[in-house]
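Residues 954 to 1158, numbered by our numbering, are exactly what the sequence shown covers, in order. Every residue gets a Cβ at the ideal spot worked out from N, C-alpha and C, and that includes glycine. From a predicted model like this one, the values you see are computed outputs, not experimental measurements. What follows is a set of notes on a single structure, which appears directly below.
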Amino acid sequence: MSFSSEQSPEAKKIEVLSLKSQIADLSKYKIAMEAQEKLFRSILMMGNVATGKLMLRSVILEITELSRELVRAKDASLFMLDDKGVITESILARGPTVREEKDYLIGETLEKGLAGWVARYRRMALVKNTDEDDRWFHFSRQPYKVGSALCLPFLRGSLLLGILTLTHPKPKHFTEEMADFMMMYSPSISIALDYARMYLSINSK
């Protein structure tokens, strides 16, 4: 990179900052592409060893685990929806629960919580402090602490395919940079969810 001798120090500083920003964007893009490759490779392998609901659940487990690792989240929840907006499969951060409790938790989350806000507005939500953001719903007797959260919708056009919520016990864990990265990575997850839905539809006939 060369600077014109006529450039002012301020102009040079702006150009350097612009270049650094471009390098950072390229680095995030590279990581996103590597994560996409890992996700797609895993899904292809799953298609060879699992079928039906087992394949579907394997896909959403892979998505939650990979996403959690990418932004160093402590826990993750993922809801997968059909064409009518009905949840067909889910992973809850609190782990396995009985059917009645699971249905209650999902219903409350979609009605009062962050995932519901994301579903309604079709927008990503970054909650830096759950105690200061009304979009976060605190359950009584919640078995884990949530200080900050990042929630993303996965779309195909206007169709909502899924909602991922990543959480961490500490406030301000999730940053704008992490949010931007997950937005960059989210189309790959949308493709994976759509593939899993179509795979299940074809193989269940």
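| Asked | Found |
| --- | --- |
| Let's test the definition: count the other Cβ atoms within 10 Å of the Cβ of residue 1097 and tell me whether it reaches 16, buried, or not, exposed. | exposed |
| Quick one: what does DSSP say residue 1103 is sitting in, helix, strand or coil? | strand |
| Since I believe residue 1103 is in contact with residue 1119 (beta carbons under 8 angstroms), could you give me their beta-carbon distance rounded to a whole number of angstroms? | 5 angstroms |
| Compare the beta carbon distance of residue 1115 and residue 1033 with 7 angstroms and say whether it is the shorter of the two. | yes |
| Under 8 angstroms by Cβ, that's how I've got residue 1031 and residue 1117 pegged, so tell me the actual separation to the nearest angstrom. | 5 angstroms |
| Measuring CA to CA, which of 1143, 1087, 1095 and 1022 is closest to residue 1193? | Any answer about residue 1193 is impossible in this case: the structure gives the chain only from 954 up to 1158. |
| Here's the rule I'm using: 16 or more other beta-carbon atoms within 10 Å means buried, otherwise exposed. How should residue 1020 be labelled? | buried |
| Starting from residue 1062, trace the alpha helix (DSSP H) both ways and give me its first and last residue. | 1052-1065 |
| Taking the straight line between their C-alpha atoms, what separation do you get for residue 956 and residue 1138? | Here the model assigns residue 956 a pLDDT of 47, short of 50, so the residue's position is not dependable, and the following value carries that caveat. In a straight line, the C-alpha of residue 956 is about 34 angstroms away from that of residue 1138. |
| Any idea which residues DSSP pairs residue 1043 with across the strands? | 1032 |
| With DSSP collapsed to three states, give me the class of residue 1078. | strand |
| Are the Cβ atoms of residue 1149 and residue 1012 separated by less than 7 angstroms? | yes |
| Between residue 1151 and residue 1061, what straight-line distance do the alpha-carbon atoms span, to the nearest angstrom? | 28 angstroms |
| Could you check which residue in 1143, 1064, 1154 and 1130 has the C-alpha nearest to that of residue 1025? | 1130 |
| Are the segment 1064-1073 and the segment 1084-1093 in contact at 8 angstroms, needing three or more beta carbon pairs? | yes |
| Select from 963, 987, 961 and 1009 the residue whose C-alpha is nearest the C-alpha of residue 1145. | 1009 |
| Comparing C-alpha positions only, which one of 1082, 1015, 1029 and 1126 sits nearest to residue 1046? | 1029 |
| What is the DSSP secondary structure of residue 1083, counted as helix, strand or coil? | coil |
| Can you tell me whether DSSP reads residue 1017 as helix, strand or coil? | helix |
| Using 10 angstroms around the beta-carbon of residue 954, count the other beta-carbons present and answer buried if the total reaches 16, otherwise exposed. | Note on residue 954: pLDDT 48, under 50, position unreliable in the model; the coordinate value appears next. By the neighbour-count rule (16 or more Cβ atoms within 10 Å), residue 954 is not buried but exposed. |
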